[in-house]
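Colleague: Protein chains in written order, with our numbering: chain A, 1 to 375; chain B, 1001 to 1385.
Supplied in structure tokens, the structure appears directly below.
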Amino acid sequence: MDLALTSSQEMLKQSARDFLAKECPKSLVRELREAAVGHSPALWQRMAELGWMGLMVPADNDGTGANFSDLVVLLEEMGRALLPSPFVSTTLCAMAIGEAGSAEQKKSLLPKIASGDLIASFALTEPTATFSADGVKATATENGGGYLINGTKLFVRDANVADCIVCVARTGGASPEEGITLFLVDPKTAGVSITPLKTIGRDRQCEIVLANVRVAKDSVLGPVGQGWPLVAKMVQWGALAECAEMVGAGQQVLEWVVDYAKQRVQFGRPIGSFQAIQHKCANMLADVDGSRFMTYYAAWKLSEGMPATADVSQTKAWVSDAFRRITREGHQIFGGLGFTVDHDMHLYSAKEKVAEMAYGDADFHRKIVARELLD
Amino acid sequence: MDFSFGEDLEKLRQDVRQFLDQEWKPDPSVDGHNVDPKIAKEFRRKLAKKGWLALSVPKAYGGAGLSAMEQYVFAEEMAYRGAPTPGHGPNIVAPTLVRVGTEDQKKRFLPGIVSGEVEFCLGYTEPAAGSDLASMEIRAVQDGDDYVINGQKIFNTYGHHADWCWLAARTDPNVPKHKGISIFMVDMKSPGVTVAPMWTIAGWRVNAIYWDNVRVPKKDLVGEPNKGWYYMATALDYERHAVVPTGPIKATFELLVDYVKHVERNGKPLKDNVDVREKLASLACDIQMVELIHHRSAWVASQGIVPANEAAMQKWVTTEVSQKLGHLGTQILGLYGPLEHGSKYALLEGALELHHRSAVVSTIAAGSNEIQRNIVATRGLGLPR
């Protein structure tokens, strides 16, 4: 057992932290929250130069071929900085293409992803508001050698800046998980219309309306009608990636409140000397530590190719609740200042509300845990 | 990061399991702390014969000389089956004697402790000194070649069958509280020692012990006079991470899951009940978190660092999840939940009810969860006192 980071992970962590502290200050985060596009293409290019987009792309396709444990290290720092970026969306799609893509698809898409020249988005959810297969109503019917896709996708992150949308649609199937197919869709195709929604977390969740969108046969990613296992994996990867960001964000909140509690004086003493505050901080530390180890454990299992369905879902459920507790107590300790717009605390509690629901909320994942335990 | 234990530790795990298969039959109706003292002693003798009683004591002194990770694996396997713990002799007295005892003390006490023949109890807590242990009032006054002890201890475990007491007493009332305490080894058969039972709701017996002019020879003072607090803290730091294992929680949870999987209620499989599924899933998440926090403490110890703050956090998270298990577990059993072992219609031999009742003690004993949070907040996070 070795619970330390490897030396290359330490380097990745430190360099990412330094880079983001400098390149992604809170002033940029605030600016991007209200900007039309919601991320900084200039920053995106600088991230690409650091090799971040190539992290999960196989070495054969111009990437680094790193594993999920390495990804988690980087995501912690992104979460800490509240980096607004389509990094996770793109990485999930890169992993899917790496796993199920044809040689042609990998060759034409992965190097571009690794170089930062292609942003991708994962369009699964719909107005049915669920990450499970029974929520997929969008259809793809065979037509003229290709397919016509019809339906509405909703809550899709980063569709507004994507060059490629990995779109989940139904080509048939008697039961919900049968007949699911993934398509690589160019958002500039006729019939695609994308509208960003406004969420508290400003994470550019979008509506995608697909009206007779024509796609070629070779846009199918993986086997026709048998795409659900890959979709389920993408949801798993997304859930764990979100956990890693929550760990980093939670860590930052804890550091700030401890610092504040040491400085803020009331009744002639620092408020950190009052037990109520001390116990909140101790609880927050347990939430951060627990979140970190659960996330790293699930990431380790994925990296080793071990089955991790229960572990990932246990982690997403637990970490979602833990991050909620952390941000709630963070607000409580910061007092009045913390609920002003100018203070940074609300940026983290805003992140919390979208993070807890991303890739399945705690209830969704606890159902998976129960299934793994009992069925 | 690597969360695997590796071949050697997995081999040790299998060896321990084999030993337990032969020598210990789990009984879910009996709490691990409440095993009949005679049965526990017999089991400890068997462990001792394999050299497995005093896990942290070096082999040169008859102990197992296990590493931190080995001790962790060993203790968890034992706890999972509800086997008796080694007790205070092997866990606290022997390691401290190895560190600071005289050669004479080592010769007189270590063989008996590591063989399981000589049992120790601790004399720490007093009516007016619980969380504020340093304010203990029991006095030890020099008189010729002896110290004379007067005072009272309370919430003592094992005192009713222990041979010796590892007693903390005040030897200097004129210095700051924690600087005036010494540790003595006291023969429980000494004149003036009276042991009176206190029964906990968990069914364990603990004791009040009255010390009335008890004479202790100087040679039974451990280490240096007035350094007792330091020895107690060091021993605690080494032992705290083993005090609340995950084993019993996992065993009870598995019992519950197995029950739910195979039973019907009102003609429907209980495992299809939405509320039951939610509760079990929630517990599964918490138990995984607790287990990883335990891994962390053991790993820190394996790096040669005393996991003081890590163990403090471990103690509160483990015991609070234990209480949640007792609470949700009895809820899942519904109206059957409150039935005690021995009652008609009791389920799982009353194991969940017993777990629920015992768990009340756990958040208080061995340093209350409030104290553990204070430790992490002040020593871990550096918040001001």
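All C-beta atoms in this analysis are idealised placements derived from N, C-alpha and C, irrespective of residue type, glycine included.
1. Is the shortest distance between the beta-carbon of C1285(B) and the beta-carbons of chain A less than 8 angstroms?
2. Can you tell which of A299(A), L32(A), I326(A) has the C-alpha that lies nearest to the C-alpha of G314(A)?
3. Less than 8 angstroms between CB atoms is the rule here; does F293(A) satisfy it with respect to chain B?
4. Quick one: Cα of R1265(B) to Cα of V37(A), how far?
5. From A4(A), L254(A), S193(A), pick the residue whose C-alpha is nearest to that of L1383(B); which is it?
6. Closer than 7 angstroms to a non-hydrogen atom of the ligand ZN - does that hold for the CB of V1098(B)?
7. Can you name the start and end residues of the alpha helix (DSSP H) that Y348(A) belongs to?
8. Would L337(A) be called buried (16 or more neighbouring beta carbons within 10 Å of its own) or exposed?
9. Count the other CB atoms within 10 Å of the CB of V341(A); is the residue buried (16 or more) or exposed (fewer)?
10. Report all residues from its chain with a CB closer than 7 angstroms to the CB of D70(A); omit the five preceding and five following residues, and keep chain order.
11. Might you give, ordered along the chain, the residues of its own chain that have their beta carbon closer than 6 angstroms to the beta carbon of Y348(A), omitting 5 neighbours on each side?
12. With a 10 Å radius around its C-beta and 16 neighbouring C-beta atoms as the bar for buried, classify A129(A) as buried or exposed.
13. How close, in whole Å, do the beta carbons of P1269(B) and H1161(B) come, if the pair is a contact with beta carbons under 8 angstroms?
14. With distance defined between alpha-carbon atoms, name the residue in G135(A), K22(A), P111(A), A174(A) nearest to M78(A).
15. Residues of the region 238-253 of chain A with a CB closer than 9 angstroms to any CB of chain B: list them in chain order, please.
16. Taking Cβ to Cβ, would you say V156(A) is nearer than 8 angstroms to T181(A)?
17. 8 angstroms is my cut-off, CB to CB: does L75(A) come that close to chain B?
18. Between the C-alpha atoms of F131(A) and A114(A), what's the straight-line distance to the nearest angstrom?
19. What is the rounded straight-line gap between the Cα of P1191(B) and the Cα of I277(A)?
20. Does A1068(B) come within less than 8 angstroms of chain A when only Cβ atoms are used?
21. What residues from the region 1256-1287 of chain B come within 8 angstroms of chain A, judged by C-beta to C-beta, listed N to C?
22. Quick check: G191(A) and N212(A), are their CB atoms within less than 8 angstroms of each other?
23. Flag H1295(B) as yes if its beta-carbon sits less than 8 angstroms from any beta-carbon of chain A, otherwise no.
24. Classify A174(A) as helix, strand or coil using the three-state DSSP reduction.
25. If the cut is a Cβ gap below 7 angstroms, which residues of chain A does R1385(B) touch?
26. Nearest to C281(A) by alpha carbon, out of L1256(B), M1313(B), T1252(B)?
27. Can you give the Cα-Cα distance for M1001(B) and N67(A), rounded to whole angstroms?
28. Quick one: list the residues of chain B neighbouring K198(A), beta-carbon separation under 9 angstroms, in chain order.
29. How many angstroms separate the CA atom of G222(A) from the CA atom of S102(A)?
30. If you check the beta carbons only, do A1140(B) and R1170(B) fall under 8 angstroms apart?
31. Can you tell me whether I97(A) is buried or exposed, with buried defined as 16 or more other CB within 10 angstroms of its CB?
32. Counting only beta-carbon atoms, is T1252(B) nearer than 8 angstroms to chain A?
33. Roughly how many angstroms separate the alpha carbons of L1256(B) and H1295(B), rounded to a whole number?
34. To which residues does DSSP link K383(A) through a beta bridge?
35. Exposed or buried, H1262(B), counting other C-beta atoms within 10 Å across all chains shown (16 or more means buried)?
36. Does the beta-carbon of I1201(B) have 16 or more other beta-carbons within 10 angstroms, so that it is buried, or is it exposed?
Modeller: On the basis of the coordinates in this document:
1. Residue mapping note: residue 1285(B) aligns to position 285 of the second sequence, counting from 1. With respect to chain A, the C-beta atom of C1285(B) has a partner C-beta closer than 8 angstroms.
2. Taking the first sequence and counting its residues from 1, one reaches residue 314(A) at position 314. Residue 314(A) is actually Gln in this sequence, not Gly. It is A299(A).
3. Your numbering for residue 293(A) matches position 293 in the first sequence. Taking Cβ atoms only, chain B reaches closer than 8 angstroms to F293(A), which makes this a yes.
4. Taking the second sequence and counting its residues from 1, one reaches residue 1265(B) at position 265. Taking the first sequence and counting its residues from 1, one reaches residue 37(A) at position 37. Cα to Cα, the separation comes out at about 55 angstroms.
5. Stepping through the second sequence from its first residue, residue 1383(B) is reached at position 383. Comparing Cα positions, the closest option is L254(A).
6. In the structure on display, the ligand ZN does not appear, and there are no ligands present to speak of.
7. Here residue 348(A) corresponds to residue number 348 of the first sequence, with the count starting at 1. Segment 345-355, the alpha helix (DSSP H) holding Y348(A).
8. Numbered from 1 along the first sequence, position 337 holds the residue referred to as residue 337(A). Exposed is the call here.
9. Numbered from 1 along the first sequence, position 341 holds the residue referred to as residue 341(A). That one is exposed.
10. Looking up residue 70(A) in the first sequence gives position 70. Around D70(A): Q9, L12, L55.
11. Working through the first sequence from its first residue, we reach residue 348(A) at position 348. Here the set comprises A249, V253, T327.
12. Along the first sequence, one-based indexing puts residue 129(A) at 129. Result: exposed.
13. On the second sequence, residue 1269(B) is found 269 positions in, with the first residue counted as 1. On the second sequence, residue 1161(B) is found 161 positions in, with the first residue counted as 1. At roughly 47 angstroms, the Cβ-Cβ gap does not stay under 8 angstroms, so P1269(B) and H1161(B) are not in contact.
14. Taking the first sequence and counting its residues from 1, the one referred to as residue 78(A) is at position 78. Among G135(A), K22(A), P111(A), A174(A), the Cα nearest to that of M78(A) belongs to K22(A).
15. none
16. Counting from 1 along the first sequence, the entry for residue 156(A) is found at position 156. Counting from 1 along the first sequence, the entry for residue 181(A) is found at position 181. The answer is no: Cβ separation not under 8 angstroms.
17. In the first sequence, the residue the question calls residue 75(A) occupies position 75. With 8 angstroms as the cut-off, L75(A) does not count as an interface residue toward chain B.
18. Taking the first residue of the first sequence as 1, we reach residue 131(A) at position 131. Taking the first residue of the first sequence as 1, we reach residue 114(A) at position 114. When rounded, the distance between both Cα atoms is 27 angstroms.
19. Stepping through the second sequence from its first residue, residue 1191(B) is reached at position 191. Stepping through the first sequence from its first residue, residue 277(A) is reached at position 277. The alpha-carbon atoms of P1191(B) and I277(A) are separated by roughly 49 angstroms.
20. Residue 1068(B) sits at position 68 when you count from the first residue of the second sequence. False, the Cβ-Cβ gap to chain A never drops below 8 angstroms.
21. Residues of the region 1256-1287 of chain B with a C-beta less than 8 angstroms from any C-beta of chain A: V1257, V1260, K1261, K1271, R1277, E1278, L1280, A1281, S1282, A1284, C1285, D1286, listed in chain order.
22. By 1-based counting over the first sequence, the position of residue 191(A) is 191. By 1-based counting over the first sequence, the position of residue 212(A) is 212. Their beta carbons are under 8 angstroms apart, which means G191(A) touches N212(A) by this criterion.
23. Here residue 1295(B) is taken as the residue at index 295 of the second sequence, counted from 1. It does; some Cβ of chain A falls within 8 angstroms.
24. The residue given as residue 174(A) occupies position 174 in the first sequence. In the structure shown, A174(A) sits in coil (DSSP, three-state: anything other than H, G, I, E or B).
25. Position 385 of the second sequence holds residue 1385(B). Neighbours of R1385(B) on chain A, chain order: S273.
26. The residue given as residue 281(A) occupies position 281 in the first sequence. Cα-wise, what sits closest to C281(A) is M1313(B).
27. The residue given as residue 1001(B) occupies position 1 in the second sequence. The residue given as residue 67(A) occupies position 67 in the first sequence. So the two alpha carbons sit approximately 12 angstroms from each other.
28. Against the first sequence, residue 198(A) aligns to sequence position 198. Under the 9 angstroms cutoff, chain B gives no residues; its nearest Cβ is about 32 angstroms from K198(A).
29. Taking the first sequence and counting its residues from 1, one reaches residue 222(A) at position 222. Taking the first sequence and counting its residues from 1, one reaches residue 102(A) at position 102. So the two alpha carbons sit approximately 8 angstroms from each other.
30. Numbered from its first residue, the second sequence carries residue 1140(B) at position 140. Numbered from its first residue, the second sequence carries residue 1170(B) at position 170. Cβ distance < 8 angstroms, so A1140(B) and R1170(B) count as in contact.
31. Here residue 97(A) refers to the residue found at position 97 when the first sequence is read from its first residue. By the beta-carbon neighbour count (other beta carbons within 10 angstroms, threshold 16), I97(A) is buried.
32. Position 252 of the second sequence, counted from the start, is the residue given in the question as residue 1252(B). In terms of beta-carbon proximity, T1252(B) stays away from the interface with chain A, with every pair separated by 8 angstroms or more.
33. Position 256 of the second sequence, counted from the start, is the residue given in the question as residue 1256(B). Position 295 of the second sequence, counted from the start, is the residue given in the question as residue 1295(B). Distance between the alpha carbons of L1256(B) and H1295(B): 24 angstroms.
34. Given a span of 1 to 375 for chain A in the structure shown, any question on residue 383(A) remains unanswerable.
35. Taking the second sequence and counting its residues from 1, the one referred to as residue 1262(B) is at position 262. Under this definition H1262(B) is an exposed residue.
36. For this step, residue 1201(B) is matched to residue 201 along the second sequence. I1201(B) is exposed by the Cβ-count criterion.
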